[in-house]
Amino acid sequence: MVAHGLFLTLMSVALASNGNLRASQNGTTDGGLMQNFTAGKNDQRWMENFTAGNSSTKAMWAPPPTAQKGYRYVSTTTRYGTNPFTACGLDSGKLVEGTGYLAVASAQAMQDGCCRCNRAGGGGATAPLGCGSCGKGRFIRQLPRGFHIWTPESKQIFHKEYKFVVVDICPHTDNNMWCPKRPGQTNDFGVHNHLDFATVPPNFDNYYFEFDTEPCDQEMQSRLATMSNCNL
């Protein structure tokens, strides 16, 4: 009965990637849930709750990486899917379609309030990323809870620089494990920033992400101005 319940829990987490939910995707994006369940049943990810960690488990988590390669910030990451009605007043899927940008929700601390049409907030180690803000960065081959990484180091996700645009907010109240509430605060993993990806590259998992802010390109600025009702 316990094993059956664990399997149902894992399946529900896998299905969350299709909805507007913020959930750990560890083990659900590379090779399939059943393959990873069979190959890695002794992996810690199958033995703890996916949405919270107790104090003894947290004590074993490796410290987060520091930004390299000229980037100023590091964030944790999750995924939740696109939404036709975001807190930034737009359709996140349509906004980035054909642009090369990834759509993200930024943590409440990175915006100037909660929860609709916020501009950039942040300060210090907390990046200023509000509705319509853009940035660029690279995924770091490290997971917040130290889980085994199934994706080979040679995959493009660890070598390509990705552009992203903020289309939504990750409010602290519903996502306190990942998304800090105020600038200067950190999440459960000791990180000031969090980006919740609405669209993701191949082989995505909850990898750390090093990044910096930059102006949106002309095409994205035009789309934001015409597609959002937040006067971006």
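Mapping of the sequence shown onto the working numbering: residues 152 to 383, in sequence order.
We treat Cβ as the ideally placed atom computed from N, Cα and C, and that holds for glycine.
- Taking the CA atoms as reference points, TYR222 sits about 19 Å from PHE340.
- Looking only at SER284, ARG289, MET328 and PHE298, the smallest Cα-Cα distance to GLN262 is reached by SER284.
- With fewer than 16 other CB atoms across the displayed protein chains lying within 10 angstroms of its CB, ASN382 is exposed.
- Bridge pairing for VAL255: VAL317 and PHE348 [DSSP].
- From the listed residues VAL317, THR229 and PHE309, the smallest Cα separation to GLU365 is found for VAL317.
- At a Cβ-Cβ threshold of 9 Å, ILE291 and VAL225 count as neighbours.
- In the three-state reduction of the DSSP assignment, PHE298 falls in the coil class, being assigned neither a helical nor a strand state.
- By the Cβ criterion, the region 241 to 260 is not in contact with the region 296 to 311, since fewer than three pairs of Cβ atoms, one from each stretch, lie closer than 8 Å.
- By the 16-neighbour rule on beta-carbons within 10 angstroms, GLN369 is exposed.
- A Cβ-Cβ separation of about 12 Å leaves GLY274 out of contact with PRO331 under the 8 Å criterion.
- Contact check for ALA271 against HIS343 fails: the beta carbons are separated by 9 Å or more.
- Boundaries of the beta strand (DSSP E) around VAL225: 224 to 230.
- At the C-beta level, LEU246 and MET378 come within 9 Å of one another.
- Contact between CYS321 and ALA258 is confirmed by a C-beta separation of about 5 Å, below the 8 Å threshold.
- HIS323 is classed as buried because its beta carbon has at least 16 other beta carbons within 10 Å across all chains shown.
- Taking all protein chains shown into account, GLU361 has 16 or more neighbouring C-beta atoms within 10 Å of its C-beta and is therefore buried.
- Our two residues, GLY288 and HIS345, have alpha carbons roughly 13 Å apart in a direct line.
- Contact annotation, PHE315 with ARG230: C-beta distance approximately 13 Å; criterion of less than 8 Å not satisfied.
- Here the C-alpha atom of SER373 lies approximately 20 Å from the C-alpha atom of ARG267.
- Secondary structure note for GLU370: its alpha helix (DSSP H) is the uninterrupted segment 369 to 378.
- In this chain, LYS332 is not harboured by any beta strand (DSSP E), its DSSP state being neither H nor E.
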